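Counting from 1102, one number per residue, gives the positions in the sequence shown under the working numbering.
We put the beta carbon where it would ideally sit given N, CA and C, even for glycine.
Bear in mind that the values here come from a model prediction, so they are computed numbers and not experimental data.
What follows is one structure encoded as structure tokens, with my remarks underneath.
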Amino acid sequence: MPLRSVPERAKTRLDFVRREFGRLLDAALAAPEVVVERRARRHPVNPKRLARQAAKELATRPLSTAAEEALARAHEEAGHLNRAAAKRRAAEEACERRELVRRQARERHRGR
């Protein structure tokens, strides 16, 4: 292939290959091997599975700051205390109602 028929750009490439390629090839062959991780094949995505995964990620609690976590724990603890107090009050009210009904029953039967 005569150099006259090759465009100027290709001439510079050809000159580079003739001058430098042998040295570069030797350096590449002498270099240690590089382990290339193969990418997993992309399978078609199941839209239902994708929707379930998205819903699951949205349902998980997001990351927050320590202050926000402390406030959330305090709020949750207050809720537990309020529920316990409400249960105690309900039990006391139920006991009072039973006592009232029992007292009224005694009063009704007292005169007989």
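Separation of residue j from residue i, as counted between CA atoms
i	j	result
Met1102	Arg1139	Here Met1102 scores only 49 on pLDDT, less than 50, and its place in the model is too uncertain to base an answer on.
Ala1179	Ala1156	29 Å
Glu1208	Arg1198	15 Å
Gly1212	Lys1188	38 Å
Val1146	Arg1153	12 Å
Backbone secondary structure at residue i - three-state DSSP
i	result
Glu1132	At residue 1132 the sequence reads Ala, which differs from the Glu that was named. It is coil, neither helix nor strand.
His1181	helix
Glu1170	helix
Gly1212	coil
Glu1138	coil
First through last residue of the alpha helix (DSSP H) which encompasses residue i
i	result
Arg1153	1148-1160
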